[in-house]
Amino acid sequence: MAVHAHPDDEASGTGGMLARYAAEGIRTVLVTCTDGRCGDGPGGVKPGEPGHDPAAVAAARRTELEASCAILGVSDLELLGYADSGMVGWATNEAPGSFWSTPVEEPAERLAELIDRYQPDVVVTYDPNGFYGHPDHIQAHRITTAALARTGSTAKVYWTTIPHSTMAKFAEMAREAGMDMGDDAAPGDFPEMGLPDDQVTTWVDVTAFAEKKFAALGAHASQEETMPFLSMGVEAFAAVMGVETFVRVDDSTNAAAREDDLFAGLR
Ligand SMILES: [Zn+2]
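The sequence shown begins at 13 in the numbering used here and counts up by one.
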């Protein structure tokens, strides 16, 4: 079970592992917490700009999400349906029905019901900072933590992460591609994002599924944030996106501290 904030997070963060484990015959459940209404509208219009209809954006992104899930072989898609809260500091953070403004208890209870129903062996979500501070990613972390405590689940629990060596590689690639990384940016400048390599417990080889991950991202092509990936082309993408990394935070299987499989100790 992967608990994500928005339509497209399942592809960018965990598309490789979802496709790999589906191909291995493992049931995969995606819980998407928000409707993505603060995403890009037709032609890339942003929220608040003319032509941005939040309800239409949410509907379009649901269609994209379903297409992505079909590509990745996700067995079950569960939508919690909260309103996308937008980036940190946006007025939408506090809008009625936004995921961020909803007390943790309510979505945690709903997620706990899903955990009880599906009995996942592995649960994946974000770290306490939502990797990069997006309110909905932080909230997804909080409700997952609360739901797991409520159910007494013995699932292996993971947070998605990126090793600092990979962050440095991405920064270098972006610089080579001519992207403005800011005057002072240099590899290793993002210590608050990701983890030192030696703290990353779980390195999952998804090389064989990079094309599916690329296609799943392509299903979310209405979103500008997918462009840096899609513009690489599938071959370059596959060359750098062949491993997905996680930090294991709960485990009762006695799997090795460093592992290459989220299901290590469960097979
Ligand atoms: Zn997101």
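For glycine and all other residues, C-beta sits at the position ideal for the given N, C-alpha and C.
Identified DSSP bridge partners for residue i
{"i": "E175", "result": "The sequence given here has Pro at residue 175, not Glu. L207, per the DSSP bridge assignment."}
{"i": "L89", "result": "L42"}
{"i": "H16", "result": "T44"}
{"i": "E271", "result": "T214"}
Three-way DSSP call (helix, strand, coil) for residue i in this model
{"i": "S110", "result": "strand"}
{"i": "Y94", "result": "strand"}
{"i": "P199", "result": "Confidence in P199 is poor, its pLDDT being 48 and thus under 50, which makes the residue's placement unreliable; the coordinate value appears in the next sentence. The answer is coil: DSSP assigns P199 none of H, G, I, E or B."}
{"i": "K168", "result": "strand"}
{"i": "D128", "result": "helix"}
{"i": "T257", "result": "strand"}
{"i": "T213", "result": "coil"}
{"i": "V134", "result": "strand"}
{"i": "D139", "result": "coil"}
{"i": "D262", "result": "strand"}
{"i": "D65", "result": "coil"}
{"i": "G122", "result": "Before going on, a small fix: residue 122 reads as Arg here, not Gly. In the structure shown, R122 sits in a helix (DSSP, three-state: H, G or I)."}
{"i": "L160", "result": "helix"}
{"i": "M185", "result": "helix"}
{"i": "G230", "result": "helix"}
{"i": "M239", "result": "helix"}
{"i": "H149", "result": "helix"}
{"i": "E223", "result": "helix"}
{"i": "M29", "result": "helix"}
{"i": "P54", "result": "helix"}
{"i": "E117", "result": "helix"}
{"i": "E247", "result": "helix"}
{"i": "V100", "result": "coil"}
{"i": "A276", "result": "coil"}
{"i": "R49", "result": "coil"}
{"i": "R73", "result": "helix"}
{"i": "E36", "result": "coil"}
Of the residues the options, the one placed nearest residue i, counting alpha carbons only
{"i": "H153", "options": "P140, H146 and H64", "result": "P140"}
{"i": "A222", "options": "H18, D20, S24 and A14", "result": "S24"}
{"i": "P119", "options": "A95, G63 and F258", "result": "A95"}
{"i": "E76", "options": "T44, V246 and W102", "result": "T44"}
{"i": "D21", "options": "W102, S264 and G230", "result": "G230"}
{"i": "I83", "options": "K225, D263, F249 and M244", "result": "K225"}
{"i": "A250", "options": "A107, A227, Y130 and G63", "result": "A227"}
{"i": "A72", "options": "T40, A189 and H232", "result": "H232"}
{"i": "I38", "options": "A70, E90 and Y130", "result": "Y130"}
{"i": "P147", "options": "E106, A167, R260 and H176", "result": "E106"}
{"i": "H176", "options": "T163, R187 and D210", "result": "D210"}
{"i": "L89", "options": "V69, T40 and T163", "result": "T40"}
{"i": "E36", "options": "D262, V261 and A220", "result": "A220"}
{"i": "R32", "options": "G254, A267, A268 and R260", "result": "G254"}
Cβ pair residue i, residue j closer than 9 angstroms
{"i": "T104", "j": "H16", "result": "no"}
{"i": "L278", "j": "F258", "result": "no"}
{"i": "G93", "j": "D47", "result": "yes"}
{"i": "S80", "j": "P19", "result": "yes"}
{"i": "F143", "j": "G206", "result": "yes"}
{"i": "T172", "j": "E256", "result": "yes"}
{"i": "P59", "j": "W102", "result": "yes"}
{"i": "V116", "j": "V169", "result": "no"}
{"i": "P132", "j": "S110", "result": "no"}
{"i": "V252", "j": "M185", "result": "yes"}
{"i": "I127", "j": "A189", "result": "no"}
{"i": "G145", "j": "V100", "result": "yes"}
{"i": "G85", "j": "A14", "result": "no"}
Any 3 or more C-beta pairs closer than 8 angstroms across the region 108–126 and the region 151–167: Output reads yes: the region 151–167 touches the region 108–126.
Validate contact between the region 225–239 and the region 38–53 using beta carbons, cut 8 angstroms, 3 pairs: Between the region 225–239 and the region 38–53, the count of C-beta pairs closer than 8 angstroms reaches three or more; the two stretches touch.
contact_flag[the region 211–226, the region 27–36] where n(CB pairs < 8 angstroms) is 3 or more: Contact between the region 211–226 and the region 27–36 is present, with at least three C-beta pairs closer than 8 angstroms.
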